[in-house]
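Undergrad: Below is the structure I would like to discuss, written out as structure tokens.
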Amino acid sequence: MSEPLSPSTRLHEIREALVRLHRTLLDWQRRMHERVHGRASAHELLQILLHDPEFAWLRPISESIVHIDTMLTDEGDFDEDAILVQVRALASPDADGTPYAQRYLQAIQESPDAVLAHRDLLALLRRTR
Numbered sequence: 051m052s053e054p055l056s057p058s059t060r061l062h063e064i065r066e067a068l069v070r071l072h073r074t075l076l077d078w079q080r081r082m083h084e085r086v087h088g089r090a091s092a093h094e095l096l097q098i099l100l101h102d103p104e105f106a107w108l109r110p111i112s113e114s115i116v117h118i119d120t121m122l123t124d125e126g127d128f129d130e131d132a133i134l135v136q137v138r139a140l141a142s143p144d145a146d147g148t149p150y151a152q153r154y155l156q157a158i159q160e161s162p163d164a165v166l167a168h169r170d171l172l173a174l175l176r177r178t179r
């Protein structure tokens, strides 16, 4: 039987799964945007990501990644349970929920890559219970 992971190791794993999910969701949203508006350069995409309301729904996951990064660089303790609650909420698609939850549901219905990233995050969250 393997040793339990330390809280910081679990937090690193959760962060990596969130980054993969974020990248997948961003790619899905970018493809949808480019179908309507044409291809965007890397610089244009960054500006669109930062300023276009079409991409605003991704901010909760971006903010969670930054929050975890901050906790990992701090020397003190962190509330692992609070982080897990936040990440579980991000991994909860809901047709009647927040704009994030609604778009997340749409993404996992339309993108096989989003389904896989979602599955991986859920598997990791189940291991941290």
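So the sequence shown is numbered by our numbering: it starts at 51 and just counts up by one. Cβ coordinates follow ideal geometry from the N, Cα and C atoms, glycine included.
Give me the Cα-Cα distance between L172 and H101, rounded to the nearest whole angstrom.
TA: Approximately 30 Å, taken between the alpha carbons.
Undergrad: Taking 8 Å as the threshold (C-beta atoms), are I111 and V105 in contact?
TA: Note that residue 105 corresponds to Phe in the displayed sequence, not to Val. Taking 8 Å as the Cβ cut-off, F105 and I111 do not qualify as a contacting pair.
Undergrad: Give the straight-line distance between the Cα atoms of P103 and V135, rounded to the nearest whole angstrom.
TA: Going by the C-alpha atoms only, they are around 26 Å apart.
Undergrad: Going by Cα to Cα distance, which pick from A157, D170, V165 is closest to W107?
TA: With distances taken between Cα atoms, W107 lies closest to A157.
Undergrad: By how many angstroms is the C-alpha of T123 removed from the C-alpha of A154?
TA: It should be pointed out that residue 154 corresponds to Tyr in this sequence rather than to Ala. Cα-Cα distance, rounded: 29 Å.
Undergrad: Using a Cβ-Cβ cut-off of 6 Å (strictly less than) and excluding sequence neighbours within five positions of E130, which residues of its own chain qualify?
TA: P57.
Undergrad: Given a threshold of 16 other Cβ atoms within 10 Å of its Cβ, counted over all protein chains shown, does Q159 qualify as buried or as exposed?
TA: Result: exposed.
Undergrad: Would L61 and I118 be called neighbours here (beta carbons separated by less than 8 Å)?
TA: In this structure, I118 lies closer than 8 Å to L61 by Cβ.
Undergrad: Could you give the DSSP three-state label for D102: helix, strand or coil?
TA: Of the three classes helix, strand and coil, the one that applies to D102 here is coil, per DSSP.
Undergrad: Decide if V137 is buried, meaning its Cβ has at least 16 other Cβ atoms within 10 Å, or exposed.
TA: Looking at its Cβ environment, which holds 16 or more other Cβ atoms inside 10 Å, V137 is buried.
Undergrad: Check for me: the alpha helix (DSSP H) holding T74 runs from which residue to which?
TA: Counting along the chain, the alpha helix (DSSP H) containing T74 begins and ends at 57-87.
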